[in-house]
Structure formats: structure tokens, C-alpha cells
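Encoded as C-alpha cells, the structure appears first; notes follow it.
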Amino acid sequence: MVNIEAVGDNIFRIPVPVPFPMKYVYCYLFRETDGWSLVDAGFHYPDAVDAWEEVFRKLGVNRQHIHSIYVTHFHPDHFGLAGWMQQQTGAKVWMSREDYAMAERVWKKRSDQANQVGVVFRQHGVPDELAKQIEESMQKLSKHVMPLPSLTILENDEVILGQRRWKVIAVPGHSDGLINFYQPELKCLLVSDHVLERITPNISVWPGSHPNPLQQYFSSLHKVRHLDVAIALPAHGTVIGHLRERIDEIIKHHEKRLDYMKSLASDGKTAYEVAYAVFVHKPLTPHQWRFAIAETLAHLDYLASLDELVKEEREGVIVYHFRREDSHLKERKGVGGR
Ligand SMILES: [Zn+2]
């Protein structure tokens, strides 16, 4: 049974199941004067389709009346059902320019992305067997985003959701083109995966995306920290009532992790070795390994961008280490310019 929550006038929070530990992606359905609009669609597998069928029945939604679908980013748990939903409804599907490009790159037929991830990971010390398993697990994801929707690039500063105007806010970090929506009278932020309550959003380096996503993420956190927000509606987990405090916790988490990874890398380590030390408390699946390594890369490359670590190639493998002579002189000050 789908537990639909009304979270404001004409705003419905819909838990759509995903076959991952976070259990649900929360999509938001809005009643308009002339139909319905939707933010995020879900991951394409049978349980999610069943959930949507039930939602349409319960709320009396004529699916032909859903006219606009906004996808906050290209990840499969948000984007995966957009094509199915477009077939059902005939709606326009909107996405940012950056994530439109990533969706094309990652999800198109015969995409080379899995292979490229494998190449990059091997350069960072990932053993060949594991790199292969990671590539295979990536290839399996693509069927969960089929059929692909025909996409329209979202260039507006504002959109109508639930009969009100919401500002479109670019918050790169979790993905290059991640967007949030902000409604000033309601003091409501549709925060997607930018800020989550119990888990920290994954920030990762991938082929074809921004080389320093953690730096982008810090500045995007500061961007929404300035907003007057009474309630933030995330795409996973519970509603957030204290956005600033949660943002500060997340920044602290990354500061600690940066310090730890920097100390691990001191004598020279590959990203794989650092990821192993930080994340492997129990055996990881290839899917978990992929995120562990890409997240480690985001931190190590951030440190390298600040000259706190040196990144260099040694016999075909990339190693991070710090310059002993000046390491004691450099203290990172105010991550992200806080
Ligand atoms: Zn997500």
C-alpha cells in the first residue's frame, strides 16, 4: 500500500519503492488548475509501476492530465520511470542542460560510460577483477531507465507547481545539473538529493562530469543555507525541518573525512587503497564499491585542488601523497568559504 502524504495545499509526497537500501524515492505530485505536474518519477521496475497505478487510482488522477514532469537529476532512481510516465501521460519531461547531457552519455544505447569508469578506476589502482564486476553492475542498470523520454531542457528561472511559482535553483554537486525548487511564501524547498536527513548525499567523480564536485557541492550547500526554509522536502528519508543545522552537520562530516583521507594518503596511496581503508568494514557489492571509490576520488581530488595533496602518476597508476616540507604550513581554512 502506498502511503501518500499531503504536505501542503495541492502537494502530495509519494514514496515510490526502489530496490536499494534507502527503500523509497519520494516523488512529489502537484494538483494544478489545469491538471497535474510531477517532480521525479522513480526507478523502472515492477514495484514502482504498481505504486504509481495505485496512486493514480487513489487520487483520481487521469494520467492524460499530467502535463509536466520535472526530473531533478539524471540518476536512475529519479529519471528511470520518466520515459514510462511520458508514454502514459504525454507530458513534457524537463531536465537541466547539464543532466540532459549526462543522461545522453550514460543511458544512450551502446553507452561507453561503464567501460570508461573501468578505465579510470584501474588507473586509480582498482584490481582488474573488481573493475570488471563494477562495469557489469553498471551495465545492468540501463534497463531500469528504459524507455528513455524525449527531454526538454529546463531554462526557466521559475516553474508552476501546485498553482504557485517556485524558483529553480541550480545546486551542482551530487550531480552536475541537480536542481532544487524554492517557494518563498511557503518557505518550502524541494531539495531532492542535495541534502538528506540520515545519510550524506553521495558526491563522486565520474567520467564526463565536473572534476571537482565536492567544491561545487560545498558552494551549493551555502547557496541553499541562505534561503529562508521552514520545510525541506527531500527525495529520500524524512522531511527536514532544520535545514541549516543539517547542512552544517554534512559540512562537518566532509571536513572530517577530508582530514582522515589526507592522513591516510600521506606516504602515498592510490584512491583504491584509501577507499579500502575508509569503507571496507564488511564485504562490499560491486555497486557499493563503485560509490566508495568515486566518493574517495571526489575527496582526494578536492584536496589536490587545494594543494593539500599531490596527485602524480607512478608507473601508470595515480598516487596521492603530501609534500612533507610544507605540509605543516598548510591548514585548510573554512571549507567552501564558510
Ligand atoms: Zn536519489
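Whatever position you read off the sequence shown (first residue = 1), add 379 for our numbering.
Positions of the beta carbon are idealized from the N, C-alpha and C atoms, including for glycine.
{"Asked": "Compare the Cα-Cα distances from PRO528 to each of VAL547, GLN465, ALA644 and ILE626 and report the closest residue.", "Found": "GLN465"}
{"Asked": "Label PHE399 either buried or exposed according to how many other C-beta atoms from any shown protein chain fall within 10 Å of its C-beta, with 16 as the threshold for buried.", "Found": "exposed"}
{"Asked": "Looking at the secondary structure, which residues open and close the beta strand (DSSP E) in which LEU700 lies?", "Found": "Sequence inspection shows His at residue 700; the Leu mentioned does not correspond to that position. Per DSSP, HIS700 belongs to the beta strand (DSSP E) from 696-700."}
{"Asked": "Taking the alpha-carbon positions, what's the GLN512 to HIS457 distance?", "Found": "24 Å"}
{"Asked": "Tell me whether ILE672 sits in a helix, a strand or coil according to DSSP, three-state version.", "Found": "helix"}
{"Asked": "Taking buried to mean at least 16 other C-beta atoms within 10 Å of its own C-beta, is LEU708 buried or exposed?", "Found": "Unreliable placement is indicated for LEU708, whose pLDDT of 49 sits below 50; the coordinate value is still reported in the next sentence. With fewer than 16 other Cβ atoms within 10 Å, it is exposed."}
{"Asked": "Check each residue's C-beta against every heavy atom of ligand 1 and list, in chain order, those closer than 6 Å.", "Found": "VAL404, HIS454, ASP456, HIS457, ASP572, ALA614 and HIS615"}
{"Asked": "Cα-Cα, which of ASP388, GLU433 and CYS406 is closest to ASP572?", "Found": "CYS406"}
{"Asked": "Is DSSP giving GLY409 helix, strand or coil here?", "Found": "It is worth fixing the name first, because residue 409 is Phe in this sequence and not Gly. Of the three classes helix, strand and coil, the one that applies to PHE409 here is strand, per DSSP."}
{"Asked": "Contact between the segment 595-612 and the segment 556-570 is defined here as three or more beta-carbon pairs at a separation below 8 Å; is this criterion met?", "Found": "yes"}
{"Asked": "Please report the straight-line C-alpha distance between SER645 and GLU477, rounded to a whole angstrom.", "Found": "35 Å"}
{"Asked": "Give the DSSP-derived three-state secondary structure of THR446 in the structure shown.", "Found": "The sequence shown places His at residue 446, not Thr. Strand at HIS446."}
{"Asked": "Whole angstroms is fine: what's the gap from VAL505's alpha carbon to ALA493's?", "Found": "14 Å"}
{"Asked": "Find the nearest neighbour of GLU687 within the set ALA656, PRO580, GLY695 and TYR639, judged by alpha-carbon distance.", "Found": "TYR639"}
{"Asked": "How close, in whole Å, do the beta carbons of ASP536 and LYS546 come, if the pair is a contact with beta carbons under 8 Å?", "Found": "6 Å"}
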